[in-house]
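Written below as structure tokens is the structure these notes are about.
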Amino acid sequence: MFWFLTGAAGSKRVVFGGDSVGSSKNSHGYVWVDTPPIKIQNVSRNFSVAANGYVNVAVSAPAVSGYTYLGLVGCRQGVDARVTLFSMSPSDVGLASRASTVLSGSITLTLIYGRNGS
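Letter by letter, the sequence shown follows residues 379 to 496 in my numbering.
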């Protein structure tokens with residue numbers, strides 16, 4: 379997991395954190411990077427999924443000048459609890475429906491980009 383923080387002077391920092399639980403120990407680790415060479419961008423994609431069916435929604439990452447698309451790091455939808463995420467890849471998101479009717483709406487995808495030359 380990661381968080382973006384912005385300081386009072388507008389400085390940027392990204393904090394990466396992780397928790398691990400073993401058979402006899404717990405461990406926690408965090409690392410931060412000031413002025414990280416990455417960008418996070420949210421995009422919306424429309425979808426329509428058949429009754430009791432599934433659909434793959436293309437990510438179609440938009441170009442960001444000076445950055446290369448690295449992958450998909452998040453997906454959320456608020457359309458209906460009967461629509462579930464069943465797969466995520468850098469190129470598409472799989473959605474399944476448990477409804478007896480067609481469900482349509484939009485999902486928000488969180489994309490990560492790396493600065494070229496970093």
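By construction, the Cβ of each residue, glycine as well, lies at the ideal position given by its N, Cα and C atoms.
If only uninterrupted beta strand (DSSP E) runs of at least 3 residues are considered, those enclosed by the region 424-491 are 432-436, 445-455, 461-466 and 470-475. Taken atom to atom, the span from the alpha-carbon of P415 to that of L487 is near 20 Å. Taken through DSSP and simplified to helix, strand or coil, N494 comes out as coil. Under the criterion of beta carbons closer than 8 Å, D470 and V421 do not qualify as touching, at roughly 13 Å.
With respect to the 8 Å criterion, S426 and V480 are classified as neighbours on the basis of their beta carbons.
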